[in-house]
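What follows is a single structure, written as structure tokens, with notes after it.
Residue numbers (our numbering), protein chains in the order written: chain A, 1 to 340; chain B, 341 to 726.
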């Protein structure tokens, strides 16, 4: 096997995290990785660094430090304002070769995946994609990445003993966000970069934020079927309370109550939320395949024999149209009381 | 400026297609009967032009063929073709060219990966394949003891609705004391979806591996629950052994049951119409066996729909369409259940798990009262002595 650009002997005992930003705002997954990285770094006695690229982005530095970074390496340039794989790879590669971290982590976002794949090839190292857990052995300094496969049926534990950096992309939502400490102090290291337009074959003509829906990433999915009689506003309200999103089975989509992008199941999207609510859904197989990877399923249906209950962790036999407004009211009440 | 439509002829594509189909498209003289007989014409004003697809295959043109994925492989067109072009085979070959160019529809590659990793196209864990039968204590197939291998298939193993077919069939086999065994978690996916979606080399690989399993296990007679599995075993698998005989379960029952003195004693007093699954009927001419079983159920009245036998309308679920979305006003099954309702029958009998899913969906979405879909196995099981 080809040797990596820098070897185990040359590594610095640090964990680096790529700080993914969109429109000048750090992505949640980057903060999640910082929270986890802080824990790993403390156990091993290492330092935790963040790598931040963008344009006029220095206001995000303190935020990353507050979530646990010891040091932020920052590169600012108008050409780095929006992610392009060419420019970002160029800058991150230079930074990694200079800093030689033992571990480099990215969020498994579309940008993070794009970047990490290229970097791994350039650095001649391995890449563990879409990891769901990370462990760092304080003695050996070896990173173990957990990757789930085959519909969650198998877990692979991967190590990269001979190549550096040890690279993983981390699935959003798997690590809890730590507490933000605004008084934490860290260092900032401004990188000198040379970057000209000619180096970037990608031309950004216009950035359009679509109305597109991506249910695959939502942590909370509130799904409605025929039984909610098109009352998706009610489901949206419940979803908003839990920072989630709304999905549907085929019949309400067919009937025009909700857009086709929100159809969950065999011919729609397959989701992996932490929690899925199935409201007024009977549980046909072609729907169930869309939520089978959910960590936890709550089903609400007035028919106690509905097949959906066989797939649910909590079964509520009740009319969803009665139950959900009551649930919304309860959550709101709970929130008001706890805020007092 | 005037825009000119033109086609680019590509010798390489032409040669690839020629090799894939053995020149099967060549005899076509472009009469267009295929387009006229295609059921897409029933649901779309502008029909899907099968003729054009074949013409493009003759010329070696491959352009924006989203319509290529519409074909349900129902074979309505083939019997009408005056030149005997195996149209579905040509379409599958065209689909394969799209695979080679990585230009298939979104979602289809992950379907193939599911077959690869999970041994089923339903994204279900392989370890759960026998979960439906945990309480049944089914015997593992042993060629010395069992005349037949009962091949359950992925859909009847995992789809909760289709599991009822398998349960019914087990009840029937036990009532008739038919010696059968199953392969359990070792049962291989037949690969039919892969073939219909056109990934021909991968299907060949699946078929060879599957045939080897049957050979090694000493299978001589295989009875399949789904006509889709049955079709590939019968027509697309390499030789398993000299006497290997795949049968659809309706065919098997029709041939072994002594109809003058059968176990089907309980009366099923319903008016039933039979929906011929494409892969039992039109593609394999098994029109009679399912009707023999139905007609011998006491109390059952069998009526035919306007289109039956060779003219039976496809449910829309073949050719990989089970994994693609069909617009609400373009579902063949909507027309089919209306046709069934107009016979006055209260039951649509069929013998295929895909047909059941599509037809039941249409009954629900059109809100047709007093009509349900049952598999022949489910009806027959109801006629067993309680």
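Built from N, CA and C at the ideal position, the CB exists for glycine as well.
Reduced DSSP category for residue i - H, G, I as helix; E, B as strand; rest coil
i	result
residue 322 (chain A)	helix
residue 691 (chain B)	coil
residue 592 (chain B)	helix
residue 709 (chain B)	coil
residue 163 (chain A)	coil
residue 249 (chain A)	coil
residue 151 (chain A)	Any reading at residue 151 (chain A) must be qualified, since the residue scores a pLDDT of 47, below 50, and its modelled position is unreliable; no value is offered.
residue 207 (chain A)	coil
residue 263 (chain A)	strand
residue 628 (chain B)	helix
residue 296 (chain A)	strand
residue 202 (chain A)	coil
residue 396 (chain B)	helix
residue 354 (chain A)	The structure shown does not extend to residue 354 (chain A), since chain A is modelled only from 1 through 340, so no value can be given for it.
residue 315 (chain A)	strand
residue 157 (chain A)	strand
residue 102 (chain A)	strand
residue 602 (chain B)	coil
residue 144 (chain A)	strand
residue 725 (chain B)	coil
residue 617 (chain B)	coil
Contact belief for residue i with residue j at Cβ below 8 Å, rounded distance in angstroms
i	j	result
residue 169 (chain A)	residue 106 (chain A)	5 Å
residue 136 (chain A)	residue 44 (chain A)	5 Å
residue 17 (chain A)	residue 33 (chain A)	5 Å
residue 323 (chain A)	residue 291 (chain A)	Not a contact, Cβ separation roughly 19 Å.
residue 244 (chain A)	residue 271 (chain A)	The Cβ separation is near 11 Å, so there is no contact.
residue 685 (chain B)	residue 643 (chain B)	6 Å
residue 146 (chain A)	residue 132 (chain A)	5 Å
Limits of the unbroken alpha helix (DSSP H) element including residue i
i	result
residue 90 (chain A)	85–99
residue 111 (chain A)	110–123
residue 383 (chain B)	380–383
residue 550 (chain B)	540–556
residue 574 (chain B)	567–575
residue 526 (chain B)	Careful: residue 526 (chain B) lies outside any alpha helix (DSSP H) and carries neither H nor E.
residue 679 (chain B)	672–681
residue 287 (chain A)	285–288
residue 175 (chain A)	Residue 175 (chain A) -> no alpha helix (DSSP H), and no H or E assigned at all.
Where the beta strand (DSSP E) through residue i begins and ends
i	result
residue 281 (chain A)	It is not in any beta strand (DSSP E) - residue 281 (chain A) carries neither H nor E in the DSSP assignment.
residue 16 (chain A)	12–19
residue 611 (chain B)	611–614
residue 189 (chain A)	187–190
residue 133 (chain A)	133–136
residue 375 (chain B)	Premise fails: residue 375 (chain B) lies in the alpha helix (DSSP H), 373–377, not in any beta strand (DSSP E).
residue 641 (chain B)	641–643
residue 223 (chain A)	220–224
residue 562 (chain B)	561–564
Nearest residue (CA-CA) to residue i, options the options
i	options	result
residue 693 (chain B)	B:664, B:565, B:665, B:523	B:565
residue 446 (chain B)	B:645, B:660, B:588	B:660
residue 517 (chain B)	B:537, B:492, B:497, B:487	B:487
residue 501 (chain B)	B:713, B:720, B:724	B:713
residue 366 (chain A)	A:54, A:104, A:88	In the structure as shown, chain A begins at 1 and stops at 340. Residue 366 (chain A) is therefore absent and cannot be evaluated.
residue 529 (chain B)	B:538, B:379, B:546	B:546
residue 253 (chain A)	A:267, A:242, A:240	A:267
residue 85 (chain A)	A:62, A:113, A:95	A:113
residue 699 (chain B)	B:662, B:724, B:625	B:662
residue 296 (chain A)	A:179, A:158, A:273, A:10	A:273
residue 242 (chain A)	A:328, A:41, A:67, A:15	A:328
residue 519 (chain B)	B:508, B:362, B:525, B:561	B:561
residue 48 (chain A)	A:56, A:67, A:229	A:67
residue 279 (chain A)	A:310, A:271, A:318	A:318
residue 139 (chain A)	A:212, A:155, A:40, A:260	A:40
residue 652 (chain B)	B:354, B:379, B:359	B:379
residue 237 (chain A)	A:289, A:262, A:332	A:332
residue 424 (chain B)	B:462, B:368, B:412	B:368
residue 454 (chain B)	B:542, B:400, B:601, B:492	B:542
residue 554 (chain B)	B:394, B:535, B:583	B:583
residue 667 (chain B)	A:310, A:188, A:256	A:256
Residue i beta carbon near the ligand ADP (any heavy atom closer than 6 Å)
i	result
residue 26 (chain A)	In the structure shown, the ligand ADP is absent, as is every other ligand, since no ligand is present at all.
Jot down the residue ranges of each uninterrupted beta strand (DSSP E) in the region 28–73 of chain A, minimum 3 residues, whole runs only, in chain order.
-> 47–54
Contiguous alpha helix (DSSP H) assignments of at least 4 residues, all confined to the region 428–509 of chain B | 448–458, 494–498
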